[in-house]
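Residue numbers (this note's numbering): 6 to 253.
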């Protein structure tokens with residue numbers, strides 16, 4: 006018969022084990038957080054790259070014109086009344102993105118650094134459903150004198166070939182707008198004159214953007230502020246219509 010008695014842990018030993026576990030957790034958590042954020046950044050970059058391909062495909066089907074930020078809606082469904090349909094919804098409706106639909110619900114339009122919303126979360130009546138997280142550029146370097154993508158319905162848009170430096174001209178970027186007090190933030194265009202339509206710096210104080218040549222890059226506040234400054238200098242009336250950033 007085994008008469009050996011197992012000694013219980015002392016309080017000091019238990020506290021030591023708990024302290025070691027706490028230290029290991031403190032070391033591991035930042036690493037896990039970093040890995041998750043890296044994965045989110047990679048997904049966001051992939052999203053924008055696919056959006057860039059879709060925009061190029063759309064342009065090739067429409068006399069080399071990039072699509073407008075919004076068009077007159079040709080549908081009303083699922084209880085959603087839409088006067089205009091935004092660019093990302095049109096890409097989904099016309100099959101330029103995978104798993105897209107008339108509401109622009111393809112996950113490539115949803116930056117993973119912001120929690121997604123479903124259509125049922127958005128109680129809207131006379132306005133479009135802003136389910137995107139990326140904003141389309143509205144203003145070119147000449148401000149009001151530049152007709153790049155400021156018109157609705159695709160009127161007066163310049164073709165891609167008119168962009169002199171495609172590698173320096175972004176088409177779509179992380180955006181910010183607190184639409185009707187909704188959280189998380191929504192966005193579909195950048196630089197519409199309303200101070201709320203901004204670039205969203207949500208990846209380590211940088212915003213991802215896809216450029217007219219198809220590449221995706223992370224740009225910092227200084228880059229977008231320089232764009233803003235150039236536009237203001239190009240035309241005096243372009244004050245709030247440039248690419249301000251969020252957060253301030």
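Glycine is no exception: its CB is placed at the ideal position from the N, C-alpha and C atoms.
_Measuring only the C-alpha atoms, how far is residue 140 from residue 178?_
Near 5 Å, if we compare the C-alpha coordinates of residue 178 and residue 140.
*Are residue 180 and residue 204 closer than 8 Å when you measure CB to CB?*
In this structure, residue 204 lies closer than 8 Å to residue 180 by Cβ.
_residue 59 burial status per 10 Å Cβ neighbour count (16 or more: buried)_ = Answer is buried; the Cβ neighbour count reaches 16.
*Grouping DSSP H, G and I as helix and E and B as strand, with all else coil, what is residue 38?*
Here DSSP, grouped into helix, strand and coil, assigns residue 38 to helix.
*Rounded straight-line distance, which links the Cα of residue 46 to that of residue 30*: Taking the CA atoms as reference points, residue 30 sits about 24 Å from residue 46.
*Contact check, residue 69 vs residue 164 under 8 Å by CB: the rounded distance?*
Contact holds; Cβ gap of about 4 Å.
*Give me whichever residues DSSP pairs with residue 224 in a beta bridge.*
Beta-bridge annotation (DSSP): residue 224 is paired with 212.
*Assigned exposure category for residue 232 - 16 Cβ within 10 Å defines buried*: Residue 232 is buried by the Cβ-count criterion.
*Could you please give me the residues that DSSP links to residue 70 through a beta bridge?*
Answer is 164, bridged to residue 70.
_Integer Cβ distance of residue 220 from residue 49, believed to fall under 8 Å_ = That belief does not hold up - the Cβ atoms of residue 220 and residue 49 are roughly 14 Å apart, past 8 Å.
*CB residue 94 to CB residue 72, shorter than 8 Å?*
No, Cβ-Cβ distance for residue 94 and residue 72 is not below 8 Å.
*In the structure shown, what three-state DSSP assignment does residue 58 receive?*
When secondary structure is reduced to three states using DSSP, residue 58 falls in the helix class.
*asked:* Residues in the same chain with beta-carbon distance under 7 Å from residue 175, minus the five sequence neighbours each way, listed in chain order, please.
replied: Only 142, 214, 215, 216 meet the Cβ criterion.
*asked:* Tell me which residues share the same chain as residue 118 and place their Cβ nearer than 6 Å to its Cβ, disregarding the 5 neighbours each side in the sequence.
replied: Correct list, in chain order: 45, 207.
*Just tell me which of 138, 22, 18, 53 has its CA closest to the CA of residue 218.*
For residue 218, the nearest C-alpha among the options comes from 53.
_Between the alpha carbons of residue 138 and residue 114, how many angstroms are there, rounded?_
Whole-angstrom Cα-Cα distance: 6 Å.
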